[in-house]
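Remember, the numbering used here sits 13 above the position in the sequence shown when you count from 1. Think of the CB as a built atom: it goes at the ideal place given N, C-alpha and C, for glycine as much as any other residue. Remember, predicted model here, so these are calculated numbers, not experimental data. Notes follow once the structure below has been shown.
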Amino acid sequence: MKRVALITGITGQDGSYLTEFLLEKDYEVHGISPCTSHGFFNHDSTIHFADLADGTNLREIVDSVKPDEVYHLGAQSHVKLSFELPVRTADVTGVGTTRILNAIHEHQQHTGRQVRFYQASSSEMYGKIVESPQTETTPFHPRSPYACAKVYAYWQTINYREAYGMFACNGILFNHESPRRGQAFVTRKITQAAARIKLGLQKELRLGNLDAKRDWGFAGDYVEAMWLMLQHSEPDDYVIASGETHSVREFLDEVFGHLDLDWQDYVVVDPEFFRPSEVDHLHGDFGKARRVLGWEPKVSFRELAQIMTDHDLVAAKKEKVLADHGVE
Ligand code: F7E
14 MKRVALITGI TGQDGSYLTE FLLEKDYEVH GISPCTSHGF FNHDSTIHFA DLADGTNLRE
74 IVDSVKPDEV YHLGAQSHVK LSFELPVRTA DVTGVGTTRI LNAIHEHQQH TGRQVRFYQA
134 SSSEMYGKIV ESPQTETTPF HPRSPYACAK VYAYWQTINY REAYGMFACN GILFNHESPR
194 RGQAFVTRKI TQAAARIKLG LQKELRLGNL DAKRDWGFAG DYVEAMWLML QHSEPDDYVI
254 ASGETHSVRE FLDEVFGHLD LDWQDYVVVD PEFFRPSEVD HLHGDFGKAR RVLGWEPKVS
314 FRELAQIMTD HDLVAAKKEK VLADHGVE
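Structure below.
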């Protein structure tokens with residue numbers, strides 16, 4: 014019998030890598046998505062349409078799919094946007110987790126089945142950090158409506174574990190990027206712009222806080238950690254990180270340097286891209302994940318910047334051919 018996985022947010026960056034990872038392991042993969050219009054869709058998986066902010070058919074989906082494992086990745090995940098949409102973010106990213114946890118709990122009670130649950134918790138929860146590097150025991154100090162919603166969802170996951178004995182885990186993932194990263198996040202915004210600048214398709218790049226430091230890893234490495242958490246004998250919470258911290262400036266150095274360009278010739282600092290409150294410095298300690306799960310990252314910071322830049326250079330070359338032929 015194939016094992017069955019259900020992934021919320023299946024068409025996002027992590028959902029698409031996790032789908033490929035689980036299909037390789039011969040899982041039957043189902044996903045929940047609010048719409049068909051964007052994102053990555055794998056034809057070897059099955060999509061069910063539901064909105065985490067509504068939740069009316071989540072229980073029906075869980076009852077019909079009968080998953081062995083649920084990976085809850087769906088969220089309003091853009092930190093800056095969460096300042097403009099605080100209530101929507103609380104509803105989707107925060108209460109959305111309760112909706113899916115409750116659907117699983119009712120399904121378990123009704124059928125006697127056991128379902129393992131993964132919650133996509135975030136390093137943004139550390140916010141105004143109280144120690145560095147951050148571990149599973151570092152206190153949270155969220156600095157955005159997004160981070161507040163994630164803290165709520167983190168505790169709700171632990172609450173379902175403690176109250177009902179649910180096999181529920183939090184993966185506290187630090188920033189993880191790839192060529193599939195959305196274009197509104199800083200790494201992809203930079204690699205895409207640098208490639209377009211290299212080919213004369215763009216003249217400048219407008220960014221916000223260049224001093225922010227993040228612990229950036231490769232999304233493809235991080236989905237393996239999600240799976241490992243659900244294969245362990247006990248449910249628990251784990252930091253997943255690269256163990257290195259770099260500033261936005263250093264990411265610019267890597268990307269523009271890879272293209273033999275100097276970013277200072279093109280980058281314009283624009284107040285539009287600053288946040289009302291910023292997370293200045295994140296640096297994760299993944300020692301527990303290494304010790305207990307045997308997990309460690311494979312792609313380095315430099316490799317990550319180069320993989321993303323090379324991908325966007327290929328895309329920019331295609332765009333340039335079309336532009337040269339007058340096709341928009
Ligand atoms: O910003 C600075 C910005 O939007 C990184 C999400 O996946 O990871 C992500 O959250 C840093 C911030 O990611 C621009 O101020 C400067 O300090 O790429 P980001 P994030 O906010 O760290 C965590 C783990 C999540 O859970 C989230 O869902 O870069 N920055 N200039 C900029 N950021 C953006 N987006 N755009 C700029 O122009």
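Residue i CB to nearest heavy atom of the ligand F7E below 7 Å
i, result
"residue 227", "yes"
"residue 254", "no"
"residue 199", "yes"
"residue 135", "yes"
"residue 257", "no"
"residue 87", "no"
"residue 221", "yes"
"residue 269", "no"
"residue 291", "yes"
"residue 187", "yes"
"residue 180", "no"
"residue 105", "no"
"residue 193", "no"
"residue 92", "yes"
"residue 286", "yes"
"residue 202", "yes"
"residue 78", "no"
"residue 261", "yes"
Cβ neighbour criterion (16 or more within 10 Å) applied to residue i
i, result
"residue 90", "buried"
"residue 184", "buried"
"residue 286", "exposed"
"residue 250", "buried"
"residue 177", "exposed"
"residue 43", "buried"
"residue 196", "exposed"
"residue 107", "buried"
"residue 230", "buried"
"residue 277", "exposed"
"residue 187", "buried"
"residue 338", "exposed"
Whole-Å CB distance - residue i paired with residue j, under 8 Å assumed
i, j, result
"residue 171", "residue 268", "Not really, about 38 Å apart at Cβ, beyond 8 Å."
"residue 65", "residue 87", "5 Å"
"residue 282", "residue 223", "7 Å"
"residue 139", "residue 151", "6 Å"
"residue 92", "residue 157", "5 Å"
"residue 34", "residue 240", "6 Å"
"residue 19", "residue 60", "Wrong, their Cβ atoms sit about 11 Å apart, outside the cutoff."
"residue 5", "residue 264", "The requested residue 5 is not part of the displayed model; the chain covers only 14 to 341."
"residue 322", "residue 272", "7 Å"
"residue 123", "residue 21", "Contact flag wrong, Cβ pair sits at about 20 Å."
"residue 104", "residue 17", "Actually they do not touch by this definition, with Cβ atoms about 28 Å apart."
"residue 227", "residue 295", "5 Å"
"residue 120", "residue 76", "6 Å"
"residue 261", "residue 317", "That belief does not hold up - the Cβ atoms of residue 261 and residue 317 are roughly 14 Å apart, past 8 Å."
Residue i - DSSP class collapsed to helix/strand/coil
i, result
"residue 53", "coil"
"residue 257", "coil"
"residue 318", "helix"
"residue 39", "coil"
"residue 129", "strand"
"residue 16", "coil"
"residue 218", "strand"
"residue 48", "coil"
"residue 282", "strand"
"residue 79", "coil"
"residue 298", "coil"
"residue 209", "helix"
"residue 287", "coil"
"residue 226", "strand"
"residue 325", "helix"
"residue 191", "coil"
"residue 183", "strand"
"residue 23", "coil"
"residue 252", "strand"
"residue 196", "coil"
"residue 171", "helix"
"residue 58", "coil"
"residue 271", "helix"
"residue 89", "coil"
"residue 135", "strand"
"residue 231", "strand"
Any C-beta of chain C under 8 Å from that of residue i
i, result
"residue 109", "Here chain C cannot be found, since the structure has a single protein chain."
Inset, instruction - Inspect the CB distances between the segment 251-259 and the segment 281-291 and report whether three or more fall short of 8 Å. - result: no
Legend entry - Cβ contact (3+ pairs, closer than 8 Å) linking the segment 206-226 and the segment 109-128: no
Inset, instruction - Determine contact between the segment 16-33 and the segment 228-244, defined as no fewer than three beta-carbon pairs at a distance below 8 Å. - result: yes
Legend entry - Any 3 or more C-beta pairs closer than 8 Å across the segment 93-104 and the segment 141-155: no
Inset, instruction - Spell out a yes or no on whether the segment 149-162 and the segment 303-313 are touching, meaning 3 or more CB-CB pairs, one atom from each, closer than 8 Å. - result: no
Inset, instruction - Indicate whether the contact test is met: 3 or more Cβ pairs, each with one atom in the segment 129-136 and one in the segment 316-328, closer than 8 Å. - result: no
Inset, instruction - Would you check if there are 3 or more beta carbon pairs closer than 8 Å linking the segment 177-194 to the segment 119-129? - result: yes
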